[in-house]
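Enquirer: Each protein sequence line maps, in turn, to chains P and A. Residues in the first sequence are numbered consecutively from 0, following numbering that gives the first Met the number 0. Residues in the second sequence are numbered consecutively from 0, following numbering that gives the first Met the number 0. Beta carbons: idealized from backbone N, C-alpha and C, even for Gly. Every value quoted in this text rests on a predicted model; they were computed, and no experiment measured them.
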Amino acid sequence: MRVTYEDLDQQIAAAQQQLAAVRERVRGRTRQPSAWGEALEDLTKALANLRQLAQELRARTEELAQRETALRDSEARARAIVDAAVDGIITIDECGIIRSLNPAAEWLFGYAATEIVGRDINILMPSPWRDEHDDFLTSYLAGGERRVIGIGREVIGQRKDGTTFPADLAVSEVQLHGHRLFTGTVRDLTRRKRAERRLAAQYAVTRVLAESTTLGEAIPKMLQCVCEGVGWDLGEFWRVDAEANLLRWDGMWDASATGGTEFEAISRGMTFSPGEGLPGHVWAANRPAWVGDVLAGPGFVRTAAAAKRGLRGTLAFPVRTGSAVIGVMGFFSCEVRSPDHDLLQMLDALGNQIGDFVARKRAEEALRESDRRFALFMENLPGVAFMKDTQGRYVYVNEPFENTFHRRGWVGKTDDEFWSPPIANQFKQNDHVVLTTRKALQTIEVVPHDEGLHSWLVSKFPILNESGEPMMVGGVAVDITEREQAEGKLRELQRLEHQRERLADIGAITAQIVHDLGNPLAGVSMQAQLIVRRAQRDESQPVSTILKPMERIVAEVYRLDALIKEFMDFSREQRLDLKSMDLQRFLHSVVDLWEPLASARGIELTLEISDGLPTITADEEKLHRAFENLVKNAVEAIDQGPGRIRLHAAAVGSEQVRISVEDTGPGIPQELEVFRLFETTKPHGSGLGLPIVRQIVLAHGGGIGFARLEPHGTVFSIELLRHGPAPEANDRLARRRRGFS
Amino acid sequence: MLDDDEGFRNALAENLRDDGYHVIEYATVREVPPLTALGEVTVVVTDYDMPGTNGLTFADTFHAVYPNVPIIMVTGVCTKSLETQAAARGFVSLLRKPIQYDQLHDLLYQTSSLGC
């Protein structure tokens with residue numbers, strides 16, 4: 000029979016009451032203390048003590064029960080914690096034998112607790128740790144150093160299937176019933192490691208992007224970083240060719256390939272249209288895509304080559320700048336891979352980063368290319384080029400600039416620091432004109448260098464900012480000193496040539512003159528002898544007999560006189576007395592002079608002046624002789640009317656006038672070179688008339704030509720410069736300026 | 000008489016006519032009729048430099064028909080070459096313009112049959 004504390008307490012209490020009743024009876028019989036009385040008192044006290052003890056015992060027992068319950072609760076709680084722990088918890092004894100492991104550890108290592116409790120812990124470790132572990136434990140238990148306990152370290156765990164994983168291990172030691180137990184907490188680091196690797200890959204890509212100067216250099220490095228970071232075997236980049244609307248292969252990285260694989264060779268020549276193949280699909284959808292096994296599914300274009308290379312899993316993601324896809328990156332793994340959301344997310348973010356880089360690099364490369372072209376262009380200019388800011392500081396000078404002026408370090412400095420005040424001021428004034436007018440200026444600047452003053456033909460222009468404010472003055476210039484000298488030499492040469500020609504002409508004239516003058520003189524002489532002889536023969540003979548020879552003498556003398564004058568005209572230097580003259584009035588005077596003779600021969604002489612005929616600068620007297628010759632030729636060509644001579648004058652452009660003399664005469668024979676000396680169709684022509692006209696026109700810086708008219712007739716055209724001939728020492732600058740404007 | 004300078008030719012012809020000669024004037028060789036139709040010729044006076052055929056060529060042609068008729072050639076420009084060519088022929092006397100009528104007249108007498 001089970002006795003409870005209550006039963007015991009009740010029985011003791013009942014015993015106390017019975018004893019108390021016995022004591023009352025005894026006390027009533029006798030007032031005298033007795034041996035019984037004492038014994039009863041002792042018994043009463045003993046019972047009270049007993050009861051107290053029983054109560055104490057009860058309290059103790061209850062306390063113990065409570066403590067046991069609390070302990071049980073605590074253990075359950077601990078168990079629950081251990082069982083529910085994410086980390087694997089494994090307990091081993093001093094011999095390294097597994098005593099317990101929680102579900103997380105079961106899951107982590109792929110063993111059920113039942114199949115592993117009682118086995119050596121080293122089964123959970125790969126070599127070489129597996130073989131070393133027992134020794135570690137032994138040496139530790141023998142008082143050796145701590146390797147793990149209380150420290151924690153990263154280790155490699157081995158699963159039941161033989162695969163390994165990185166883990167964080169913390170070990171604590173407990174003493175229990177004189178035994179030492181070790182509890183290990185194992186945390187799987189795979190995810191953390193992967194995240195770390197991916198982060199590192201991202202950093203690496205970022206670093207590649209930052210360090211690469213060109214796209215071509217960055218792409219394979221990026222591919223490598225990503226591959227190594229995420230543990231894939233091959234990466235490729237496809238560039239969007241917007242113009243062709245195609246994806247073009249733009250680089251590959253292959254972890255294993257030492258040389259080019261067939262896969263690379265095939266890829267290199269490929270293009271993808273939007274939606275075509277995995278890259279085309281990613282491009283068109285603007286979304287990452289994952290193919291667990293390229294060999295399993297359709298839609299992969301390079302299956303055969305991929306299989307040969309051993310590629311299975313692949314993923315691709317768009318490389319974007321903003322929302323525009325500028326390329327597609329693809330990665331391949333030699334294993335079949337199941338989609339990894341985190342990885343895709345990371346690569347998608349990376350795609351944006353790379354895209355921005357690619358866009359930036361392209362812009363930079365375009366700019367560099369543009370800069371390079373600009374520099375190339377500038378360095379090869381046949382002259383100097385420069386830019387200055389609005390403060391006159393050089394911003395740019397090309398190499399020829401530095402070489403020409405034999406100075407370096409122009410940038411940041413002003414003309415004042417290089418040139419004497421008059422030279423610098425000249426530059427600054429022109430710069431100022433360009434900046435204030437905001438228009439290009441062509442001018443000549445004089446620059447002292449190479450032991451002489453050089454003339455530079457310079458074109459300065461304003462460089463305006465977007466709002467049209469001048470930011471800089473740009474300039475290109477060529478040294479025209481030599482050209483000017485050459486031009487001067489050429490002019491001198493031409494002058495000498497002209498002089499030589501003239502001397503030759505005069506020589507020819509001298510020869511001709513002997514003949515031309517000799518004949519008339521012989522005639523005059525003979526006429527005179529006739530007169531003399533007739534007079535001597537008969538002094539009284541009538542005048543009529545000598546009148547005819549005398550008239551002939553007079554005519555001959557006139558002819559001689561005219562001939563000599565023409566000769567004089569031709570041989571004389573054509574020194575011009577240039578004055579502003581009214582061409583209209585002048586031509587009227589020519590016409591007025593010849594009108595009587597012309598009309599006497601039945602020739603109509605007219606003058607037409609077109610509107611806007613300017614005054615010209617010329618030697619009027621010389622021009623008069625020229626036109627007189629032309630009109631005289633025309634009159635003599637027609638000889639007898641009816642016929643017509645028409646003078647016409649008109650402005651040609653703003654700088655020239657043209658005057659033509661047109662006749663309806665028989666025309667000039669084809670073989671006749673009219674401007675050649677002594678060429679004439681007239682019986683007594685000297686052949687000097689037109690050469691003289693030509694000489695006068697050329698001296699005026701003009702030109703002369705003629706044309707045969709249909710059915711017959713001739714027109715001579717003379718063009719004269721409005722401002723007269725350029726004097727020998729003419730202001731060449733002024734002439735150039737005219738030429739530019 | 001051949002000379003394209005009308006003033007000279009005419010004055011010389013007039014001088015000769017005054018002395019009683021019968022003179023026929025031609026400006027160029029082209030104007031001269033066929034030599035066989037010329038009839039009797041005592042002396043020829045010709046210019047050297049004329050348009051068309053020159054005086055020396057004419058002299059040769061003429062001499063072939065009239066081997067005994069002397070030819071007096073007048074010229075404005077007398078070159079060494081011309082002198083040599085005239086002298087080589089023997090039947091050509093060269094006179095240089097301007098000429099003295101008397102000198103020509105003397106030459107006529109010396110060379111032609113007139114002086115006989």
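Label F739 of chain P either buried or exposed according to how many other C-beta atoms from any shown protein chain fall within 10 Å of its C-beta, with 16 as the threshold for buried.
Expert: With a pLDDT of 35 at F739 of chain P, under the threshold of 50, the modelled position of this residue cannot be trusted, and the question is left open.
Enquirer: Using beta carbons (cut-off 9 angstroms, strictly below), is N53 of chain A in contact with chain P?
Expert: False, the Cβ-Cβ gap to chain P never drops below 9 angstroms.
Enquirer: Can you tell me the Cα-Cα spacing of V673 of chain P and S458 of chain P, whole angstroms?
Expert: So the two alpha carbons sit approximately 46 angstroms from each other.
Enquirer: Check I122 of chain P in the structure and name its three-state DSSP category.
Expert: Note: I122 of chain P maps to helix in three-state DSSP.
Enquirer: Do V225 of chain P and V204 of chain P have their CB atoms nearer than 9 angstroms?
Expert: Cβ distance < 9 angstroms, so V225 of chain P and V204 of chain P count as in contact.
Enquirer: Which value, in whole angstroms, describes the spacing of the CA atoms of D3 of chain A and D46 of chain A?
Expert: For D3 of chain A and D46 of chain A, the distance between alpha carbons rounds to 8 angstroms.
Enquirer: Under the assumption that G664 of chain P contacts G642 of chain P (Cβ atoms under 8 angstroms), give the Cβ distance between them as a whole number of angstroms.
Expert: With 8 angstroms as the limit, G664 of chain P and G642 of chain P qualify as a contact, their Cβ atoms being about 7 angstroms apart.
Enquirer: So, is the C-beta of G89 of chain A closer than 9 angstroms to a C-beta in chain P?
Expert: No - not a single Cβ of chain P is within 9 angstroms of the one on G89 of chain A.
Enquirer: To the nearest angstrom, how far is it from the Cα of D41 of chain P to the Cα of R24 of chain P?
Expert: Cα to Cα, D41 of chain P sits roughly 17 angstroms from R24 of chain P.
Enquirer: For the alpha helix (DSSP H) containing P690 of chain P, name the first residue and the last one.
Expert: G688 to A698 is the span of the alpha helix (DSSP H), which, as asked, contains P690 of chain P.
Enquirer: When you compare only the Cα positions, how much space is there between Q390 of chain P and D449 of chain P?
Expert: Distance between the alpha carbons of Q390 of chain P and D449 of chain P: 28 angstroms.
Enquirer: Once you ignore the five residues that flank I115 of chain P on each side, which residues in its own chain have a CB closer than 6 angstroms to its CB?
Expert: Contacts found: I97.
Enquirer: Considering only residues of the stretch 324-385 of chain P, which uninterrupted alpha helix (DSSP H) runs meet the minimum length of 4 residues and lie entirely inside it, listed in chain order?
Expert: DSSP runs (the alpha helix (DSSP H)) wholly in the stretch 324-385 of chain P: 340-378.
Enquirer: If you drop the 5 nearest sequence neighbours on each side, which residues of the same chain put their C-beta closer than 8 angstroms to that of T43 of chain P?
Expert: So the qualifying residues of the chain are Q15, L18, A19 and R22.
Enquirer: Any chance the stretch 695-712 of chain P sits against the stretch 480-487 of chain P, with 3 or more Cβ pairs inside 8 angstroms?
Expert: Judged by Cβ distances under 8 angstroms, the stretch 695-712 of chain P makes no contact with the stretch 480-487 of chain P, as fewer than three pairs qualify.
Enquirer: Is A288 of chain P helix, strand or coil when you go by DSSP?
Expert: Of the three classes helix, strand and coil, the one that applies to A288 of chain P here is strand, per DSSP.
Enquirer: Report the partner residues of H647 of chain P according to the DSSP bridge assignment.
Expert: According to DSSP, H647 of chain P bridges with P:E607 and P:S659.
Enquirer: Closer than 6 angstroms by C-beta to W455 of chain P: which residues in its own chain qualify, once you throw out the five before and the five after it? Chain order, please.
Expert: E444, V446, A476 and D478, listed in sequence order.
Enquirer: Can you check whether the CB of T189 of chain P is closer than 9 angstroms to the CB of S171 of chain P?
Expert: Going by C-beta atoms, S171 of chain P is not nearer than 9 angstroms to T189 of chain P.
Enquirer: Assuming M741 of chain P is part of the beta strand (DSSP E), what are its boundary residues?
Expert: In the structure displayed, chain P extends from 0 to 740; residue 741 of chain P sits before or after that span and is not available.
Enquirer: Using C-beta distances below 6 angstroms, list every residue in its chain close to F271 of chain P, excluding the 5 sequence neighbours before and after it, in chain order.
Expert: These residues qualify, in order along the chain: L246, P278 and G279.
Enquirer: Do you know offhand how far G701 of chain P's Cα is from S609 of chain P's?
Expert: Approximately 19 angstroms, taken between the alpha carbons.
Enquirer: Using a Cβ-Cβ cut-off of 7 angstroms (strictly less than) and excluding sequence neighbours within five positions of V40 of chain A, which residues of its own chain qualify?
Expert: Here the set comprises Y65 and V68.
Enquirer: Terminal residues of the continuous alpha helix (DSSP H) containing E401 of chain P?
Expert: Looking at the DSSP string, the run of the alpha helix (DSSP H) that includes E401 of chain P is E398 to F404.
Enquirer: For M0 of chain P, which residues from the same chain have a beta carbon less than 7 angstroms from its beta carbon, with the 5 sequence-adjacent residues on both sides left out?
Expert: A caution first: M0 of chain P carries a pLDDT of 48, below 50, which makes its placement in the model unreliable, though a value can still be read off. Excluding residues within five positions, none has a Cβ falling inside 7 angstroms.
Enquirer: Any residues in the stretch 11-39 of chain A with a beta carbon nearer than 8 angstroms to a beta carbon of chain P? Which ones, in chain order?
Expert: So the close ones are L11, E13, N14 and D17.
Enquirer: Select from P:A303, P:T320, P:R319 and P:V335 the residue whose C-alpha is nearest the C-alpha of T313 of chain P.
Expert: Nearest C-alpha to T313 of chain P: P:V335.
Enquirer: With a threshold of 9 angstroms between beta-carbons, can K79 of chain A be considered close to chain P, or not?
Expert: Output row for K79 of chain A: interface = no.
Enquirer: Could you confirm whether any beta carbon from chain P is found closer than 9 angstroms to the beta carbon of E5 of chain A?
Expert: Chain P, which has a Cβ nearer than 9 angstroms to the Cβ of E5 of chain A, makes this yes.
Enquirer: Check this for me: beta carbons of M0 of chain A and V28 of chain A, under 9 angstroms apart or not?
Expert: No, they are not a contact pair.
Enquirer: With 8 angstroms as the C-beta to C-beta threshold (strictly closer), list the residues of the stretch 94-105 of chain A near chain P in chain order.
Expert: Residues K96, P97, I98, Q99 and Y100.
Enquirer: Within the same chain, show all residues whose beta-carbon is closer than 8 angstroms to that of N429 of chain P, passing over the 5 residues directly before and after it, in chain order.
Expert: These residues qualify, in order along the chain: L440, T442, E444, V457 and K459.
Enquirer: May I ask whether a heavy atom of the ligand GDP can be found less than 8 angstroms away from the beta carbon of V335 of chain P?
Expert: Of ligands this structure carries none, so the ligand GDP is not represented either.
Enquirer: Could you name the residues of the same chain whose beta carbon sits closer than 8 angstroms to that of I218 of chain P, not counting the 5 residues immediately before and after it, in chain order?
Expert: These residues qualify, in order along the chain: F236, D249 and G250.
Enquirer: Counting along the chain, where does the alpha helix (DSSP H) carrying D82 of chain P start and finish?
Expert: Here the alpha helix (DSSP H) through D82 of chain P covers A34 to A83.
Enquirer: Looking at R721 of chain P and T605 of chain P, is the spacing between their C-beta atoms short of 9 angstroms?
Expert: Result no, Cβ atoms of T605 of chain P and R721 of chain P do not sit closer than 9 angstroms.
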